[in-house]
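Colleague: This note's numbering puts the first residue of the sequence shown at 3, with every later residue one more than the last. Virtual Cβ for every residue (Gly too), placed ideally from N, Cα, C. In this text the structure is predicted, and so the values were computed from the model without any measurement.
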Amino acid sequence: MKDGQIINNRSIIASLPTIKYALIKGAKYVILMSHLGRPRGNRDMKYTLEPVATELKKLLHTQVKFVEDCVGQEVKLACKNTPYGSVLLLENLRFHLEEEGKGVDIQGNKVEASPDAITNFREALHTLGDIYVNDAFSAAHLAHSSMLGEGFSVRVGGLLLKKELEYFALHKPAKPFLAILGGTRVTDKVALIENLLDKADDIIIGGGLAYTFLKQIKGTQIGDSFFDKSGAKAIQHLVGKAVNNGVRIHLPEDFVIADEMAEEANVEETSLSKGIPKGWMALDIGTKSIYLFKLVIERSKTIIWNGSLGMSELETFSKGTKEIMNVVGVATAKGVITILVGVEITSCCVKWGAEDKVNHLSPEDGANLELLESKVLPGISALSDW
3 MKDGQIINNR
13 SIIASLPTIK
23 YALIKGAKYV
33 ILMSHLGRPR
43 GNRDMKYTLE
53 PVATELKKLL
63 HTQVKFVEDC
73 VGQEVKLACK
83 NTPYGSVLLL
93 ENLRFHLEEE
103 GKGVDIQGNK
113 VEASPDAITN
123 FREALHTLGD
133 IYVNDAFSAA
143 HLAHSSMLGE
153 GFSVRVGGLL
163 LKKELEYFAL
173 HKPAKPFLAI
183 LGGTRVTDKV
193 ALIENLLDKA
203 DDIIIGGGLA
213 YTFLKQIKGT
223 QIGDSFFDKS
233 GAKAIQHLVG
243 KAVNNGVRIH
253 LPEDFVIADE
263 MAEEANVEET
273 SLSKGIPKGW
283 MALDIGTKSI
293 YLFKLVIERS
303 KTIIWNGSLG
313 MSELETFSKG
323 TKEIMNVVGV
333 ATAKGVITIL
343 VGVEITSCCV
353 KWGAEDKVNH
363 LSPEDGANLE
373 LLESKVLPGI
383 SALSDW
């Protein structure tokens, strides 16, 4: 959403099967609740959901009534008086402090909702319907009021949520199972790597992560490349677990280096044996690494990818990520299950027009990663059918 206009309706389209299913099965009406942005408990109209109602009307080819609040007497009346088989979209839940439990007042001071206010808010949501359906996988890691379905005896997952869970549960992935990990800080990925080491056969590590691994494991000279001093402390344990579990860790063997993070930087390629000189930093993987990673991808049957392999927001340093994405696309066409997770890598995929060349895109950096880390998600554990 930008300036009240919907730029990308992908997530709205993804919600349609559950809405249509409920209507086909005879729901008197379907009440939709959602979040947008971070209004932090204030009625900030740049985050209104009214444009979403307009878009839903176009996509569903039916009347969608927009209700200007999500709780209160007017909302109750709107629901009560709506025709059979109607769809209603309530206003942004986060306009109410009680949704997240905290926020800011109009002066910008931090405030918290009282326990009684939260209880009343949840009860008000409960009075609007008989069956609670959670189809918001991207918010399932948040213990917010609308995520818990309190008061409903029937709390079920929607079709989209169940689809996401099937992809990310990874109970019995087709083998060999490959994880491709990029990004910058090892600290942010320790729990993810730890859990993947119990499932994967191979892990490719690129991006800024790789240089902390290389310096810590091999003593590689990494110049001015990012080094995660805190995350480095976990590497010995992770590598030890990989050895014990028979997981092969693949690191870059050559790099594209530059003297600054800019398109106009001086750029060279260097190898693992030569290292990276002081004053230079690695911003992409090199030609040999692309080839070696390609071989790993070609023998895999399940691939999950989180994080880019270089500074892909700059065209000069996007080749590695782009080439590997092409290889993953070819693998998908041959029947390999491919899942891209997180804002960074899914944005690259969309930017390069490759979203139809992989099985599944999950652009959020919340619930999907927490599920891969084997964390309990409040929005999932609250369901009565789970």
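1. With DSSP collapsed to three states, give me the class of Ala369.
2. Which residues in the same chain have their Cβ closer than 8 angstroms to the Cβ of Ala80, if we skip the five residues on either side of it in sequence?
3. Based on Cα-Cα distance, which residue from Gly337, Leu18, Pro53 and Val329 lies nearest to Cys351?
4. When you compare only the Cα positions, how much space is there between Ala234 and Ala126?
5. Could you please give me the residues that DSSP links to Ile278 through a beta bridge?
6. Can you tell me which of the three DSSP states Ser88 falls into?
7. Once DSSP output is grouped into helix, strand and coil, what is the label at Val249?
8. Can you grab the Cα-Cα spacing for the pair Ile15 / Pro53, in whole Å?
9. Do Asp226 and Gly281 have their beta-carbon atoms positioned less than 8 angstroms apart in this structure?
10. Roughly how many whole angstroms lie between the Cα atoms of Pro178 and Glu100?
11. Do His143 and Pro380 have their beta-carbon atoms positioned less than 8 angstroms apart in this structure?
12. Under a three-way DSSP split, which group does Glu271 fall into?
13. If I measure Cβ to Cβ from Met327 and keep anything under 6 angstroms in the same chain, skipping five residues before and after, which residues do I get?
14. Which residues in the same chain as Glu372 place their Cβ atom closer than 7 angstroms to its Cβ, once the five residues preceding and following it in sequence are excluded?
15. Decide yes or no for the touch test of the region 331–342 against the region 196–207: beta carbon pairs closer than 8 angstroms, at least 3 of them.
16. Look at the Cβ atom of Leu62, then the Cβ atom of Ile21, and state whether they are nearer than 8 angstroms.
17. Can you find the residues in the same chain that come closer than 6 angstroms, C-beta to C-beta, to Glu366, ignoring five residues on each side of it along the sequence?
18. Contact check, Ile120 vs Gly131 under 8 angstroms by CB: the rounded distance?
19. For the alpha helix (DSSP H) that contains Thr340, what are its first and last residues?
Modeller: With the given structure in hand:
1. helix
2. Lys67, Val69 and Leu90
3. Val329
4. 48 angstroms
5. Ile224
6. strand
7. coil
8. 14 angstroms
9. yes
10. 46 angstroms
11. yes
12. strand
13. Ala356
14. His143 and Leu379
15. no
16. yes
17. Ser140
18. Rounded, the Cβ-Cβ distance is 19 angstroms, inconsistent with contact.
19. First-last for Thr340: Ile339 to Val343, but that is the beta strand (DSSP E), not the alpha helix (DSSP H).
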